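*Asks:* Structure below; questions to follow.
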Amino acid sequence: MVREFEDVIIQTLCRFLVPFIQLYSLYVFAHGHSSPGGGFQGGCVMAAAFVLIFIAYDLNEAKRRFGEKALLIFCCLGVFIYAGTGWACLLLGSNFLDYGFLSKVLPTDPVKARYYGMAMIELGVQIAVMAVMVSIFLDLVTRGEHEEILEEKGA
Amino acid sequence: MIILTILAIIFILGGVFFFTTATIGLLRFPDFYCRMHATGKGDTLGALLAVTGLAIYNLHHGFSLATILVSIKIIFIAVFIFLANPTATHAIMRAGLDSDVEPWTKKEVPK
Numbered sequence: 098m099v100r101e102f103e104d105v106i107i108q109t110l111c112r113f114l115v116p117f118i119q120l121y122s123l124y125v126f127a128h129g130h131s132s133p134g135g136g137f138q139g140g141c142v143m144a145a146a147f148v149l150i151f152i153a154y155d156l157n158e159a160k161r162r163f164g165e166k167a168l169l170i171f172c173c174l175g176v177f178i179y180a181g182t183g184w185a186c187l188l189l190g191s192n193f194l195d196y197g198f199l200s201k202v203l204p205t206d207p208v209k210a211r212y213y214g215m216a217m218i219e220l221g222v223q224i225a226v227m228a229v230m231v232s233i234f235l236d237l238v239t240r241g242e243h244e245e246i247l248e249e250k251g252a
Numbered sequence: 668m669i670i671l672t673i674l675a676i677i678f679i680l681g682g683v684f685f686f687t688t689a690t691i692g693l694l695r696f697p698d699f700y701c702r703m704h705a706t707g708k709g710d711t712l713g714a715l716l717a718v719t720g721l722a723i724y725n726l727h728h729g730f731s732l733a734t735i736l737v738s739i740k741i742i743f744i745a746v747f748i749f750l751a752n753p754t755a756t757h758a759i760m761r762a763g764l765d766s767d768v769e770p771w772t773k774k775e776v777p778k
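As you go down the protein sequences, you meet chains A and B in turn.
Using my numbering, you'd call the opening residue of the first sequence number 98 and step up by one each time.
Using my numbering, you'd call the opening residue of the second sequence number 668 and step up by one each time.
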């Protein structure tokens with residue numbers, strides 16, 4: 098059951114709030130090294146912003162903005178960034194995710210390379226978590242039927 | 668600094684008062700719409716006052732850049748609660764109306 102639910106108050110507030118929620122998500126992501134936060138939490142907050150769009154607008158409109166294909170691409174991109182950072186360390190002659198060896202390719206010392214490597218995998222985690230969270234929400238809200246039920250309703 | 672502490676106490680006690688009235692309304696009112704009416708207003712103002720009180724209390728360590736920044740972040744939380752809470756109340760109310768929740772009327776007084 099996909100209910101049509103248009104409301105100008107909710108939509109206006111959604112348009113106003115979504116950029117701030119996304120900014121806050123990036124803030125949580127960027128402070129993950131030194132304070133509570135990190136990739137997973139930032140990804141969840143970012144997914145909450147998209148879920149807000151999906152709730153406030155009807156599903157067809159929201160899927161036109163951020164469709165299944167984009168979600169899958171982002172999901173794979175996040176895993177690719179995470180695994181790619183790990184494999185880069187492996188290729189440089191160290192263990193998986195041993196970021197210190199990234200200083201051979203990055204123009205920094207091993208300590209800074211460790212810092213940037215951690216930021217890289219947090220970025221990968223953030224993107225993957227965001228895409229998977231929105232994808233799970235879509236699965237739940239369309240009862241796993243995705244396109245078909247929406248096309249029937251939209252036609 | 669004693670003035671700031673007193674101001675913070677007044678704000679936080681005001682917040683606690685509005686939270687208490689909202690909770691009493693949630694427990695005592697007869698139906699869905701009345702309960703939303705009580706919690707929607709009371710929670711918004713209560714959270715606003717309590718969070719503002721915390722922002723003021725945070726300044727009593729002294730007016731340095733760090734404490735002022737933390738206070739500004741807390742004020743941002745207050746602003747977003749002030750925007751989001753009434754809208755969420757509106758959305759829940761609207762959803763209840765759409766799914767045919769009967770409003771309480773005087774004829775069917777519960778025994």
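Glycine included, each C-beta is placed from N, C-alpha and C at the ideal position.
For clarity, every value in this text was computed on a predicted model and none was experimentally measured.
Between A/220, A/144, A/202 and A/112, which has its C-alpha nearest residue 185 of chain A's C-alpha?
*Replies:* Numbered from its first residue, the first sequence carries residue 185 of chain A at position 88. Nearest C-alpha to residue 185 of chain A: A/202.
*Asks:* Using a Cβ-Cβ cut-off of 9 Å, state whether residue 734 of chain B counts as contacting chain A.
*Replies:* The residue given as residue 734 of chain B occupies position 67 in the second sequence. No, residue 734 of chain B does not count as interfacial toward chain A.
*Asks:* Go through the stretch 103 to 161 of chain A residue by residue and report every complete run of the alpha helix (DSSP H) that reaches 4 residues or more, in order.
*Replies:* As far as the stretch 103 to 161 of chain A is concerned, its whole alpha helix (DSSP H) runs of at least 4 residues are 105 to 127 and 136 to 153.
*Asks:* Report the residue from B/764, B/768 and B/676 whose alpha carbon sits nearest the alpha carbon of residue 717 of chain B.
*Replies:* Here residue 717 of chain B refers to the residue found at position 50 of the second sequence. Closest by alpha carbon: B/676.
*Asks:* Let me know if residue 160 of chain A comes out buried or exposed under the rule of 16 or more other beta-carbons within 10 Å of its beta-carbon.
*Replies:* In the first sequence, the residue the question calls residue 160 of chain A occupies position 63. That one is buried.
*Asks:* Helix, strand or coil for residue 192 of chain A per DSSP?
*Replies:* Start at 1 with the first residue of the first sequence, and residue 192 of chain A comes out as number 95. Three-state result, residue 192 of chain A: coil.
*Asks:* Nearest to residue 217 of chain A by alpha carbon, out of A/228, A/195, A/229 and A/231?
*Replies:* Within the first sequence, residue 217 of chain A is the residue found at index 120, counting from 1. Among A/228, A/195, A/229 and A/231, the Cα nearest to that of residue 217 of chain A belongs to A/195.
*Asks:* Considering only C-alpha positions, which residue in the set A/128, A/170 and A/137 is nearest to residue 223 of chain A?
*Replies:* The residue you call residue 223 of chain A lines up with position 126 of the first sequence. Closest option to residue 223 of chain A, Cα to Cα, is A/137.
*Asks:* Any idea if residue 179 of chain A is buried or exposed, counting beta-carbon neighbours within 10 angstroms, 16 or more meaning buried?
*Replies:* Here the question's residue 179 of chain A lines up with position 82 in the first sequence. That one is buried.
*Asks:* Quick one: is residue 736 of chain B buried, meaning 16 or more other Cβ sit within 10 Å of its Cβ, or exposed?
*Replies:* Start at 1 with the first residue of the second sequence, and residue 736 of chain B comes out as number 69. The residue is exposed, with fewer than 16 neighbouring Cβ atoms inside 10 Å.
*Asks:* Taking the alpha-carbon of residue 116 of chain A as reference, which of A/129, A/156 and A/150 has the nearest alpha-carbon?
*Replies:* Reading the first sequence from its first residue, position 19 is the one you call residue 116 of chain A. The option with the nearest alpha carbon to residue 116 of chain A is A/150.
*Asks:* Taking C-beta to C-beta, are residue 671 of chain B and residue 726 of chain B nearer than 9 Å?
*Replies:* The count along the second sequence starts at 1 and reaches residue 671 of chain B at position 4. The count along the second sequence starts at 1 and reaches residue 726 of chain B at position 59. A contact, by the Cβ cut-off of 9 Å.
*Asks:* Is the distance from the Cβ of residue 144 of chain A to the Cβ of residue 231 of chain A below 9 Å?
*Replies:* Walking along the first sequence from the start, residue 144 of chain A turns up at place 47. Walking along the first sequence from the start, residue 231 of chain A turns up at place 134. Yes, they are a contact pair.
*Asks:* In chain order, what residues of the same chain have a beta carbon less than 8 Å from the beta carbon of residue 748 of chain B, not counting five sequence neighbours either side?
*Replies:* One-based indexing of the second sequence puts residue 748 of chain B at position 81. Same-chain partners within the cutoff: 711, 714, 715 and 718.
*Asks:* At a CB-CB cut-off below 8 Å, which residues of chain B make contact with residue 150 of chain A?
*Replies:* Translated into positions along the first sequence, residue 150 of chain A becomes position 53. Chain B residues near residue 150 of chain A: none, gap ~14 Å exceeds 8 Å.
*Asks:* Between residue 754 of chain B and chain A, is there a C-beta pair that is closer than 9 Å?
*Replies:* In the second sequence, residue 754 of chain B corresponds to position 87, counting from 1. Yes, contact with chain A.
*Asks:* Please list the partners that residue 236 of chain A has in chain B, where partner means a Cβ-to-Cβ separation under 9 Å.
*Replies:* Here the question's residue 236 of chain A lines up with position 139 in the first sequence. Simply none; closest approach about 21 Å.
*Asks:* In whole angstroms, what is the alpha-carbon distance linking residue 763 of chain B and residue 770 of chain B?
*Replies:* Here residue 763 of chain B refers to the residue found at position 96 when the second sequence is read from its first residue. Here residue 770 of chain B refers to the residue found at position 103 when the second sequence is read from its first residue. Roughly 10 Å between the two C-alpha positions.
*Asks:* Taking beta-carbon pairs under 8 Å, can you tell me which members of the stretch 99 to 125 of chain A lie near chain B?
*Replies:* Residues 100, 102, 104, 106, 107, 110, 113, 114 and 117.
*Asks:* Using only alpha-carbon positions, find the residue among A/181, A/119 and A/153 that is nearest to residue 755 of chain B.
*Replies:* For the purposes of this step, residue 755 of chain B is taken as the residue at position 88 of the second sequence. Of A/181, A/119 and A/153, the residue nearest in Cα terms is A/153.
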